[in-house]
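In the UniProt record's numbering, the protein residues as written are 1 to 242. For every residue, glycine included, the Cβ atom is placed at its ideal position computed from N, Cα and C. Bear in mind that the values here come from a model prediction, so they are computed numbers and not experimental data.
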């Protein structure tokens, strides 16, 4: 996943610099992986200038050949009859997905690692794409989204039931994040003019190897910049760490 690591790191640093310029006097917290993983799902089906712009922003150009391989797969899908599609997809999983210069294959491997079950911590990522049903997703895109991202883009009725769809999306995100994110999409964020909604949520829960004692928490100065501090509650622990 070296190519993807380079791309994600470059994107994260550039995005952080941009956010600092926009809101330099505020605390900034974001998940670069959530953004790049979600947009990669869109990039999978994008073409022309749209694909070029996404690749540039996410630094996918550092993973040379990503678009070429995806395009090759699409062409092969086009050339296959429907009854052979399932077998062909299985072939892609064994061959094309393993190629190092395929950005989508690297996302597949990364998401697999992230979502593995472990006793030490819980880390879950959910990424969903919802499109207006009057503008259906192409069949080849649905196949590739399933192969690379284990995603099933959904066609929904934004025109006639936008707020109901919003509540359904919020309910799913709430479930996936153990209730921590309850209102990802606020009222009014989706309406009858909405055509595409891309959402991503990340949930993490872990235990410290050496736990902090709650009673040791104290108000301590937090440095905002060179000259300014403000008191915040800070955990405290004194121990030996290897």
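Within 10 angstroms of the Cβ of residue 84, are there 16 or more other Cβ atoms? Answer buried if so, exposed if not. Indexing the chain shown from 1 puts residue 84 at position 84. Interpretation of residue 84 is limited by its pLDDT of 45, a score under 50 that renders its predicted location unreliable; no figure is taken from the coordinates.
Hey, out of 133, 132 and 153, whose CA is closest to residue 140's CA? Numbered from its first residue, the chain shown carries residue 140 at position 140. The shortest Cα separation from residue 140 among 133, 132 and 153 belongs to 153.
Suppose you measure from the CA of residue 247 to the CA of residue 115; what does that come to, to the nearest Å? The requested residue 247 does not occur in the structure, where the chain is confined to residues 1 to 242.
Residue 201 - DSSP class collapsed to helix/strand/coil: Mapped onto the chain shown, residue 201 falls at position 201. DSSP places residue 201 in strand when its eight states are reduced to three.
From residue 39 to residue 57, what does the alpha carbon distance come to, in whole angstroms? Taking the chain shown and counting its residues from 1, the one referred to as residue 39 is at position 39. Taking the chain shown and counting its residues from 1, the one referred to as residue 57 is at position 57. Looking at the two C-alpha atoms, the distance is approximately 10 Å.
Since residue 121 sits in a beta bridge, which residues does DSSP pair it with? For the purposes of this step, residue 121 is identified with residue 121 of the chain shown, where counting begins at 1. Looking at the DSSP assignment, residue 121 forms a beta bridge with 206.
Rounded to whole angstroms, what's the CA-CA distance from residue 14 to residue 7? Just pull it up for me. Taking the chain shown and counting its residues from 1, one reaches residue 14 at position 14. Taking the chain shown and counting its residues from 1, one reaches residue 7 at position 7. Rounded to the nearest angstrom, the two C-alpha atoms are 11 Å apart.
Would you kindly check if the distance between the Cβ of residue 189 and the Cβ of residue 166 is under 8 Å? Locating residue 166 in the chain shown gives position 166, where the first residue counts as 1. Locating residue 189 in the chain shown gives position 189, where the first residue counts as 1. Their beta carbons are under 8 Å apart, which means residue 166 touches residue 189 by this criterion.
Terminal residues of the continuous alpha helix (DSSP H) containing residue 9? Against the chain shown, residue 9 aligns to sequence position 9. That run of the alpha helix (DSSP H) goes 2-22.
To which residues of the same chain is residue 21 closer than 7 Å at the C-beta, ignoring the five residues directly before and after it? Locating residue 21 in the chain shown gives position 21, counting from the first residue. Correct list: empty, nothing qualifies.
Would you grab the beta carbon distance between residue 151 and residue 127 for me? Rounded to a whole angstrom, and I think it's under 8 Å. Along the chain shown, one-based indexing puts residue 151 at 151. Along the chain shown, one-based indexing puts residue 127 at 127. With a Cβ gap of about 7 Å, residue 151 and residue 127 count as contacting.
Buried versus exposed, by CB contacts within 10 Å (16 or more), residue 224: If you number the chain shown from 1, residue 224 lands on position 224. Residue 224 is exposed by the Cβ-count criterion.
Answer yes if the segment 173-183 comes into contact with the segment 156-165, meaning at least three C-beta pairs across the two stretches below 8 Å, and no otherwise. no
Three-state secondary structure assigned by DSSP to residue 222: The residue given as residue 222 occupies position 222 in the chain shown. Residue 222: strand per DSSP, three-state reduction.
Tell me the DSSP bridge mates of residue 234? Counted from its first residue, the chain shown places residue 234 at position 234. Looking at the DSSP output, residue 234 shares a beta bridge with 218.
Is the CB-CB distance between residue 148 and residue 105 below 8 Å? Locating residue 148 in the chain shown gives position 148, where the first residue counts as 1. Locating residue 105 in the chain shown gives position 105, where the first residue counts as 1. In this structure, residue 105 lies closer than 8 Å to residue 148 by Cβ.
DSSP three-state label for residue 213, please. On the chain shown, position 213 is the one that residue 213 refers to. Coil.
Which runs of the alpha helix (DSSP H), 4 residues or longer, sit entirely within the segment 141-203? 158-176
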